[in-house]
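Asker:
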Amino acid sequence: MKSITIVGGGLVGSLLAIFLAKRGHKVNVFERRADPRTTNVYAGRSINLVVSHRGWTALKAAGVNETVERIVVPVYARMMHDRDGQLTRVPYSIENRAIHSVSRGELNKVLLSEAEKLPNVHLHFHEQCVDVDLDNARCTFKNDITSATASIKADVVFGADGAPSAVRQAMARGRFNFSQEFIEHDYKEVAFPANADGTPKMDPQCLHIWPRRYYMMMGLANQDGGFTGTLFMPHTASAVTPQASSRNAGAAKQPGPAYPGSHSGPGPAVYPGFDTVRTVAEVTAFFQTHFADAMPIVPDLVDQYLRNPQSNLAIIRCGPWTHRDKVALIGDAAHAIVPFYGEGMNAGYEDCKVLNDLLNEHGDDNWAMVLDAYGKQRKPNGDAIADLSMRNFVEMRDLVADPRFILRKKIEGRLQAKHPDQWLPLYSQVKFTDTPYVDALREGQRHDRIMEQVLAMPGVEEKWESDPAVQREVERKALELLTGSK
Ligand SMILES: Cc1cc2nc3c(=O)[nH]c(=O)nc-3n(C[C@H](O)[C@H](O)[C@H](O)COP(=O)(O)OP(=O)(O)OC[C@H]3O[C@@H](n4cnc5c(N)ncnc54)[C@H](O)[C@@H]3O)c2cc1C
3 MKSITIVGGG LVGSLLAIFL AKRGHKVNVF ERRADPRTTN VYAGRSINLV
53 VSHRGWTALK AAGVNETVER IVVPVYARMM HDRDGQLTRV PYSIENRAIH
103 SVSRGELNKV LLSEAEKLPN VHLHFHEQCV DVDLDNARCT FKNDITSATA
153 SIKADVVFGA DGAPSAVRQA MARGRFNFSQ EFIEHDYKEV AFPANADGTP
203 KMDPQCLHIW PRRYYMMMGL ANQDGGFTGT LFMPHTASAV TPQASSRNAG
253 AAKQPGPAYP GSHSGPGPAV YPGFDTVRTV AEVTAFFQTH FADAMPIVPD
303 LVDQYLRNPQ SNLAIIRCGP WTHRDKVALI GDAAHAIVPF YGEGMNAGYE
353 DCKVLNDLLN EHGDDNWAMV LDAYGKQRKP NGDAIADLSM RNFVEMRDLV
403 ADPRFILRKK IEGRLQAKHP DQWLPLYSQV KFTDTPYVDA LREGQRHDRI
453 MEQVLAMPGV EEKWESDPAV QREVERKALE LLTGSK
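If you're matching positions, the sequence shown starts at 3 in our numbering and goes up one per residue.
Structure follows, in structure tokens:
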């Protein structure tokens, strides 16, 4: 039995506490913020998350899946809202499989309560880690109410303290690689209310997306009939020349004017960013131009925009994730990614599951071997899901409204339906299997190359939907390329 300090009682720290305590270790969780069960620490930043297959695998292994199942809403498809208010529903899987929407705050509360039921877990709130002595697994915490500091020695320390990780900062004083890349987009939460009678205003079993190239809004259902939405928008306004913009993915294929709302005439088009959309008039004009169809669904959209905090998005890559048998990073502290695959938390949950499996394999007294294997196994997967997430950003923002992309999805759906043992689309591999991210990414890149050639076949775009002969030829060609590229 080891004494373990977990820094951070968020989504990953709380699940990790359950895993380790169930193995018999003495676990202390130190969380900087107040207890979310007694204070609304998520106000204005509530964000709904999707739990996918690998998240469920970990929750099941920790024995808390049934508790979490009570607070989720199943989501079977993407529902695209175009500029004219037209809807297109694209299922996530041909077998009608679902991912699950859950409130981040509710999930955190449930997992903290599950952790606290275990007699060997102790939760400490308002305790901010301000330093770590890595060689001695000793953390210094500062209480944000009393300002008192305490030095806590353990056998092993886990940094589950998210993207700004203090544990990672301590590791960075040594031989440590680190990169942080902010993407151009920031985000704000938007709450979509239910109808007066509590029924939802949109199909709750869909992830609703308003793809607008420079902007994107999405909404995920809550159990109360409302939705929690997120508006993604560039941090700063940008001027784009027509030549530069036409090089952008999907640009040439978008119907209608390429940039509604941007000024026309000579010179570059200007796209507002959070920095230039600040007054009631600017915000109203922005939503009327880009999200007019969402305004009746969210009557106080402008107020919410002005009220809710703006947050940024970054990709953090670092390594090594471990320090001898003493310290390890886990979750966003090790691999903060952009949220466009909805996999950040799922990846963190998979970290916990892999660690637990390694403890099963090597025993609970061999932490040097366990942590070394954990870092080696998970780091490439952390990098792969970072790449996949950026890729899905482009897909959601630009491509979901592209008829060629929609055709590709249909062709892949047919290939999967007819040859499930040979063709599993990338999205399904990431969301509906435990395939390591690194393998899924490699396979997805192979599919890209094949589909590029398939979509270039004469007549495919015009005739695939209506001509069974073209469908057969496409299928033959795709499988031939698949076999040939193995
Ligand atoms: C808009 C958005 C949408 C997302 N959607 C999805 C999704 O659909 N599916 C998905 O899987 N993921 C999603 N994610 C990612 C997901 O939120 C994160 O991957 C997940 O929260 C990571 O959990 P964590 O516990 O590692 O870090 P965090 O959730 O950040 O928790 C870290 C905890 O550590 C505490 N802490 C920080 N510093 C200290 C310190 N010095 N001392 C003590 N405590 C500290 C923090 O207060 C916090 O409670 C989304 C993220 C965003 C921003």
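No residue lacks a Cβ here, since even glycine has one placed at the ideal position from N, Cα and C.
Taking DSSP as the reference, what is the three-state secondary structure of V462?
Answerer: The sequence position of residue 462 within the sequence shown is 460, counting from 1. Note: V462 maps to helix in three-state DSSP.
Asker: Looking at C-beta atoms only, is the number of pairs between the stretch 100–117 and the stretch 64–79 that lie closer than 8 Å three or more?
Answerer: Cβ pair count under 8 Å is three or more, so yes.
Asker: Considering M219, what are the terminal residues of the beta strand (DSSP E) in which it resides?
Answerer: Sequence index remark: in the sequence shown, residue 219 carries index 217 (1-based). Residues Y217 to A223.
Asker: Any idea if S391 is buried or exposed, counting beta-carbon neighbours within 10 angstroms, 16 or more meaning buried?
Answerer: As a first step, residue 391 is located in the sequence shown; it is residue number 389 there, counting from the start. Label assigned to S391: buried.
Asker: May I have the straight-line CA-CA distance separating N30 from L18, to the nearest angstrom?
Answerer: To locate residue 30, count along the sequence shown from 1; it is residue 28. To locate residue 18, count along the sequence shown from 1; it is residue 16. Answer to the nearest angstrom: the Cα atoms are 11 Å apart.
Asker: Starting from D133, trace the beta strand (DSSP E) in both directions and tell me its first and last residue.
Answerer: On the sequence shown, position 131 is the one that residue 133 refers to. Residues E129 to D135.
Asker: Could you spell out the range, first to last residue, of the beta strand (DSSP E) harbouring W425?
Answerer: Residue mapping note: residue 425 aligns to position 423 of the sequence shown, counting from 1. Looking at the DSSP string, W425 is not in any beta strand (DSSP E), and its letter there is neither H nor E.
Asker: Sorry if obvious, but does the Cβ on M347 come closer than 7 Å to a heavy atom of ligand 1?
Answerer: Counting from one through the sequence shown, the residue named residue 347 turns up at place 345. Yes, ligand 1 has a heavy atom inside 7 Å of this Cβ.
Asker: When you compare each of K433, H27 and R451 to H124 by their alpha carbons, which one comes out closest?
Answerer: One-based indexing of the sequence shown puts residue 124 at position 122. The shortest C-alpha separation from H124 is found at H27.
Asker: Go ahead and pull the three-state DSSP assignment for I101.
Answerer: As a position in the sequence shown, residue 101 is number 99, starting the count at 1. Three-state result, I101: strand.
Asker: With a threshold of 7 Å, establish whether the CB of A168 neighbours any heavy atom of ligand 1.
Answerer: Locating residue 168 in the sequence shown gives position 166, where the first residue counts as 1. For ligand 1, at least one heavy atom lies less than 7 Å from the Cβ of A168.
Asker: Quick one: what does DSSP say T59 is sitting in, helix, strand or coil?
Answerer: Your numbering for residue 59 matches position 57 in the sequence shown. Here T59 sits in helix by DSSP.
Asker: Near G87, what residues of its chain come up, given a Cβ to Cβ distance below 7 Å and the 5 sequence neighbours on each side ignored?
Answerer: Along the sequence shown, read from residue 1 onward, the residue named residue 87 stands at position 85. Around G87: D295.
Asker: Touch check for the stretch 339–354 and the stretch 200–208: three-plus C-beta pairs under 8 Å?
Answerer: These segments do not touch.
Asker: For N368, which residues in the same chain have their Cβ closer than 7 Å to its Cβ, ignoring the five residues on either side in sequence?
Answerer: As a first step, residue 368 must be located in the sequence shown, where it is residue number 366. Once the five neighbours on either side are set aside, N368 has no close Cβ partner at all.
Asker: Return the CA-CA distance between V372 and M347, expressed in angstroms with no decimal places.
Answerer: Start at 1 with the first residue of the sequence shown, and residue 372 comes out as number 370. Start at 1 with the first residue of the sequence shown, and residue 347 comes out as number 345. Cα to Cα, V372 sits roughly 22 Å from M347.
Asker: State the DSSP-derived secondary structure class of R80, mapped to helix, strand or coil.
Answerer: Here residue 80 corresponds to residue number 78 of the sequence shown, with the count starting at 1. DSSP places R80 in strand when its eight states are reduced to three.
Asker: Could you give the DSSP three-state label for G252: helix, strand or coil?
Answerer: On the sequence shown, position 250 is the one that residue 252 refers to. In this prediction, G252 has a pLDDT of 36, which is less than 50 and means its spatial position is unreliable; what the coordinates show is noted afterwards. Correct three-state label for G252: coil.
Asker: Helix, strand or coil: which one does DSSP assign to A296?
Answerer: Locating residue 296 in the sequence shown gives position 294, where the first residue counts as 1. A296 falls in the helix class under three-state DSSP.
Asker: Under 7 Å from any heavy atom of ligand 1, does the C-beta of E33 make it?
Answerer: Here residue 33 refers to the residue found at position 31 of the sequence shown. Yes, the Cβ of E33 comes within 7 Å of a heavy atom of ligand 1.
Asker: Beta-carbon separation of I49 and V112 under 8 Å?
Answerer: For the purposes of this step, residue 49 is taken as the residue at position 47 of the sequence shown. For the purposes of this step, residue 112 is taken as the residue at position 110 of the sequence shown. No, these two residues do not count as a Cβ contact at 8 Å.
Asker: Going residue by residue through the stretch 275–352, where are the continuous alpha helix (DSSP H) segments of at least 4 residues, counting only ones entirely within it?
Answerer: You should have 282–292, 303–309 and 334–337.
Asker: Count the other CB atoms within 10 Å of the CB of M3; is the residue buried (16 or more) or exposed (fewer)?
Answerer: Here residue 3 is taken as the residue at index 1 of the sequence shown, counted from 1. That one is exposed.
Asker: May I ask you to report which of helix, strand or coil DSSP gives V456?
Answerer: What you label residue 456 is simply residue 454 of the sequence shown in a count that begins at 1. Reduced to three states, the DSSP call for V456 is helix.
Asker: Is T435 near ligand 1, in the sense that its beta carbon is under 7 Å from a heavy atom of that ligand?
Answerer: Reading the sequence shown from its first residue, position 433 is the one you call residue 435. Because no heavy atom of ligand 1 lies under 7 Å away, the Cβ of T435 does not count as near it: no.
Asker: Mind checking whether the beta-carbon of V112 lies closer than 7 Å to any heavy atom of ligand 1?
Answerer: Start at 1 with the first residue of the sequence shown, and residue 112 comes out as number 110. Because no heavy atom of ligand 1 lies under 7 Å away, the Cβ of V112 does not count as near it: no.
Asker: How many angstroms separate the CA atom of K255 from the CA atom of M398?
Answerer: Your numbering for residue 255 matches position 253 in the sequence shown. Your numbering for residue 398 matches position 396 in the sequence shown. Reliability of the predicted coordinates at K255 is poor, the pLDDT of 37 falling under 50, and the value obtained from them is presented with this limitation in mind. Rounded to the nearest angstrom, the two C-alpha atoms are 15 Å apart.
Asker: With a cut-off of 8 Å, do at least 3 Cβ pairs link the stretch 289–303 to the stretch 174–191?
Answerer: Judged by Cβ distances under 8 Å, the stretch 289–303 makes no contact with the stretch 174–191, as fewer than three pairs qualify.
Asker: Between I6, Q424, V14 and S5, which has its C-alpha nearest V356's C-alpha?
Answerer: Along the sequence shown, read from residue 1 onward, the residue named residue 356 stands at position 354. The shortest C-alpha separation from V356 is found at V14.
Asker: What does DSSP give as the partner residue(s) for I6 in the beta ladder?
Answerer: The sequence position of residue 6 within the sequence shown is 4, counting from 1. DSSP lists V29 and V158 as partners of I6.
Asker: Are there three or more Cβ pairs, one per stretch, closer than 8 Å when the stretch 217–229 is compared with the stretch 189–200?
Answerer: Yes, the stretch 217–229 is in contact with the stretch 189–200.
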